[in-house]
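Data first, discussion second: the structure below is written as structure tokens.
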DNA sequence: GCGTCCAGGTCTACC
DNA sequence: GGTAGACCTGGACGC
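Numbering (our numbering), first residue to last: 2 to 301.
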């Protein structure tokens, strides 16, 4: 089954798919040759549908069901809405692009259609993945996320493992997460977050639509054990809030490199530079340090 | 092949 | 508020 969905003006699929490392993590499958993305989407009915999305023409995206199955009209609408959310095609970046055009250094951003950061189907999934990026190599992050999908994820109609639901992680054990998933010391953090999500004492899916002031939302995200300033700042970017930089060692190094500065200055120095961009500062920061991905190609 | 060192964020305890 | 040490893993390096 094939159909298309409308994308906003200046939308660039490849820019979104290569906006950061998420497209290289399961359950996403990035097809560099065809510049498309495979993703098993879990519908509200519980049905897991393997979908492939690629660029089409006239601000449209081509959607193909990998399993050869069909969708009802309602399911089709749900798939469209989920894809728009994952690809951030439902986000208004007009004001951001206006600000970017004011600075010669950043005029490439609207021209390139950059700035839409790929996110997962759920904020729960984004948060777990973000915890898995902390204090380790990218190879280990990939291994942890792959293990979570393979060992705890539901299989979609073409056999691809989806990201596990909170219940699946909550029903596992610290020992399993530590040794089998290879989450190490992060195991109790993941378990606690999953169990709190199942109990409803924390509601990550509410974060995406919350009207809470960003500072309060940041504090709530930070209250998850294992989520520090780096992880919370980047989780907030995936919630459409760009007030925090989410600095890690790679970004720190990159900042000093592109600004021809000597390393060793405090993060406050970096934060001060981006204050001029107001509520978009986190997005300007991220696009600054990843600019070459858009020009020279996505690593990996 | 084995042992050692280091990098990578966050937490906790302490000053 | 700032700092030190622990957490865990994988890669680099020396032997």
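By construction, the Cβ of each residue, glycine as well, lies at the ideal position given by its N, Cα and C atoms.
Computed from a predicted model, the values in this text were never measured in an experiment.
8 Å CB neighbourhood of residue i in its chain, flanking five on each side removed
{"i": "residue 181", "result": "148 and 152"}
{"i": "residue 135", "result": "187, 227, 229, 231 and 232"}
{"i": "residue 263", "result": "257"}
DSSP-derived helix/strand/coil call for residue i
{"i": "residue 157", "result": "coil"}
{"i": "residue 266", "result": "coil"}
{"i": "residue 226", "result": "coil"}
{"i": "residue 212", "result": "coil"}
{"i": "residue 182", "result": "coil"}
{"i": "residue 89", "result": "coil"}
{"i": "residue 6", "result": "strand"}
{"i": "residue 142", "result": "helix"}
{"i": "residue 55", "result": "strand"}
{"i": "residue 192", "result": "helix"}
{"i": "residue 132", "result": "helix"}
{"i": "residue 259", "result": "helix"}
{"i": "residue 48", "result": "coil"}
{"i": "residue 247", "result": "coil"}
{"i": "residue 123", "result": "coil"}
{"i": "residue 295", "result": "helix"}
Residues near residue i in its chain [Cβ-Cβ closer than 7 Å; skip 5 each side]
{"i": "residue 1", "result": "Shown here, the chain extends from 2 to 301; a query on residue 1 therefore has no answer."}
{"i": "residue 132", "result": "187, 190, 191, 227, 228 and 232"}
{"i": "residue 19", "result": "294 and 299"}
{"i": "residue 211", "result": "218"}
{"i": "residue 301", "result": "25"}
Within 8 Å, strictly: CB atoms of residue i and residue j
{"i": "residue 304", "j": "residue 70", "result": "A query on residue 304 cannot be resolved here, the shown segment of the chain reaching from 2 to 301 and no further."}
{"i": "residue 60", "j": "residue 101", "result": "no"}
{"i": "residue 241", "j": "residue 92", "result": "yes"}
{"i": "residue 24", "j": "residue 44", "result": "no"}
{"i": "residue 62", "j": "residue 146", "result": "no"}
{"i": "residue 112", "j": "residue 64", "result": "no"}
{"i": "residue 225", "j": "residue 208", "result": "no"}
{"i": "residue 288", "j": "residue 243", "result": "no"}
{"i": "residue 89", "j": "residue 118", "result": "yes"}
{"i": "residue 144", "j": "residue 154", "result": "no"}
{"i": "residue 278", "j": "residue 246", "result": "no"}
Top-ranked residue by Cα proximity to residue i, from the options
{"i": "residue 30", "options": "129, 150 and 248", "result": "150"}
{"i": "residue 22", "options": "130, 278, 160 and 2", "result": "130"}
{"i": "residue 115", "options": "14, 244 and 280", "result": "14"}
{"i": "residue 172", "options": "185, 265, 200 and 52", "result": "200"}
{"i": "residue 83", "options": "54, 108, 99 and 106", "result": "54"}
{"i": "residue 5", "options": "16, 12, 34 and 56", "result": "56"}
{"i": "residue 250", "options": "261, 273, 290 and 220", "result": "290"}
{"i": "residue 282", "options": "40, 87, 73 and 97", "result": "97"}
{"i": "residue 161", "options": "28, 183, 197 and 12", "result": "28"}
{"i": "residue 193", "options": "125, 274 and 156", "result": "125"}
{"i": "residue 49", "options": "32, 72 and 58", "result": "72"}
{"i": "residue 138", "options": "179, 184, 94 and 174", "result": "184"}
Same chain, Cβ closer than 6 Å to residue i, five either side skipped, listed in chain order
{"i": "residue 195", "result": "167, 170 and 171"}
{"i": "residue 67", "result": "51, 53 and 159"}
{"i": "residue 215", "result": "242 and 244"}
{"i": "residue 75", "result": "none"}
{"i": "residue 85", "result": "91"}
* Can at least three beta-carbon pairs, one atom from the stretch 78-89 and one from the stretch 251-264, be found at a separation below 8 Å? -> no
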